[in-house]
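Residue numbers (the working numbering): 3 to 402.
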Ligand code: MLT
């Protein structure tokens, strides 16, 4: 969408002691221009009709040349990007007399509902805004040793491979797949999970790790940033042992470096018995209460429902295979001091399965690792607090 261009005059009180348009006033001029343009059409009523509002989230301004009192600026505004809940509008202000670009600003707006929660942009508004998500989106099938994986691939740029936890699938990254538009997002269903095939045996951390490399090869990518949650993190430790040269950077979310204790192994055996006798439903019953923060359960019932659905559609053979693989995984603590790539360790404050002190110790043991806690999140921060988790990830990726 391109808004009607408008002209605004610079007033003396908007200029500094040297007579230049002041930087804060420049932003006000651009705001004035947008309001004038919206008043000409399509108008704010399109938002009001749907009970949503575009809240300013971030503004980046390039001040390109000085402007002075009395200058008339011709301001053009165009939507350059649109995601699920947000859109970016570029404002370009040129002086009418010499066509000099005075300022260029990218403003990101998040669509919020009446109580201020980010909400998907309603279809009518999305159509009015025009620009669809620039990224490509497809689910591909990748043949790996003895199985076929479903892999969601979106966008272009540095690949970021998102590895889900147990007993979940790639849809746990739904928000990050939508939000990290500057990177190529690659989210596989591990073998036995989601829409991937479920071979009857052969599950191990090594096999999962080799599968990720097969995915990377199939995309023609040499390296990727790997982000793993919980069991996804265990897979990444094995990937580091086997294929360190393929790892550009690492994000370890809600995971641990320790192997299972004797007690932990016994609990795995019990869960294996539950899966065999009661199916995925029995696993959902036992695991759901442990995965989410109490505040998530209270305020976001849809998240609990999504997680429950993910668990219920995991095959029993995939569940049993993953439990065996986790039970057999080695202690990865000796590996931590050897990690040479930029690393972010992230954990939900209310994670009881891999509590923050474990993540803090892991971050301390990895040279130069960053550590971040996500408030009001349990074991599944990317689903429970998607905005915070995505922002932490995006900031980390942007810094690489
Ligand atoms: C996971 O979320 O992947 C599991 O909690 C990992 C585990 O059971 O150790």
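Heads up, the beta-carbon is just placed ideally off N, CA and C, and yes, glycines get one too.
- Between the alpha carbons of residue 26 and residue 10 lies a gap of roughly 15 Å.
- Annotation for residue 97: the continuous beta strand (DSSP E) segment containing it runs 88 to 97.
- In this structure, residue 17 and residue 70 form a Cβ contact; the two beta carbons are roughly 7 Å apart against a cut-off of 8 Å.
- Rounded to whole angstroms, the Cβ separation of residue 289 and residue 313 is 6 Å, and the two are in contact under 8 Å.
- Counting of Cβ neighbours within 10 angstroms places residue 264 among the exposed residues, the total staying below 16.
- Rounded to the nearest angstrom, the gap between the Cα atoms of residue 196 and residue 123 is 27 Å.
- In its chain, beyond the 5 residues on either side, 68, 69 and 70 have a beta carbon closer than 8 Å to the beta carbon of residue 22.
- Secondary structure at residue 185: coil, using DSSP grouped into helix, strand and coil.
- Its Cα nearest to that of residue 336, the residue 366 stands out among 190, 376, 366 and 193.
- DSSP places residue 116 outside both helix and strand once states are collapsed to three, so it counts as coil.
- Counting only the Cα atoms, residue 143 lies some 6 Å from residue 153.
- Residue 177 sits in a helix when the DSSP states are folded into three classes.
- At a cut-off of 3 residues, the continuous stretches assigned as beta strand (DSSP E) that sit fully inside the stretch 38 to 85 are 55 to 65 and 74 to 84.
- For residue 74, the number of other beta carbons within 10 angstroms of its own is below 16, and it is reported as exposed.
- Under the DSSP assignment, residue 161 falls in the beta strand (DSSP E) whose first and last residues are 161 to 165.
- Around the beta-carbon of residue 46, fewer than 16 other beta-carbon atoms lie within 10 Å, marking it exposed.
- Take residue 141, set aside five residues on each side of it, and the residues of its chain with a beta-carbon closer than 8 Å to its own are 152, 153, 154, 155 and 197, in chain order.
- Here the alpha carbons of residue 102 and residue 353 stand approximately 54 Å from one another.
- The criterion of a C-beta distance shorter than 9 Å is satisfied by residue 109 and residue 90.
- Residue pairing from DSSP places residue 373 in a beta bridge opposite 347.
- Bridge partners of residue 190 according to DSSP: 153.
- Around residue 161, the same chain offers 186, 188, 223 and 226 as residues with beta carbons nearer than 6 Å, after the five sequence neighbours per side are excluded.
- Excluding five sequence positions before and after residue 293, the CB atoms of its chain that fall closer than 7 Å to its own CB belong to 309, 380, 381 and 382, given in chain order.
- Rounded to whole angstroms, the Cβ separation of residue 347 and residue 364 is 6 Å, and the two are in contact under 8 Å.
- DSSP places residue 17 within a strand segment (E or B) once states are collapsed to three.
- For residue 378, the three-state secondary structure derived from DSSP is coil.
- When DSSP assignments are scanned along the stretch 195 to 248, the uninterrupted stretches of alpha helix (DSSP H) that are 4 or more residues long and fall wholly within it turn out to be 207 to 220 and 233 to 244.
- With a threshold of 8 Å, the Cβ atom of residue 233 counts as near ligand 1, since some heavy atom of the ligand is closer than that.
- The C-beta of residue 191 has 16 or more other C-beta atoms within 10 Å across all chains shown, which makes the residue buried.
- When DSSP states are grouped into helix, strand and coil, residue 257 belongs to the coil group.
- Rounded to whole angstroms, the Cβ separation of residue 374 and residue 345 is 11 Å, and the two are not in contact under 8 Å.
- Distances from the alpha-carbon of residue 343 to those of 331, 329, 360 and 369 put 369 closest.
- Membership of residue 298 in the alpha helix (DSSP H) is indicated by the continuous run 296 to 301.
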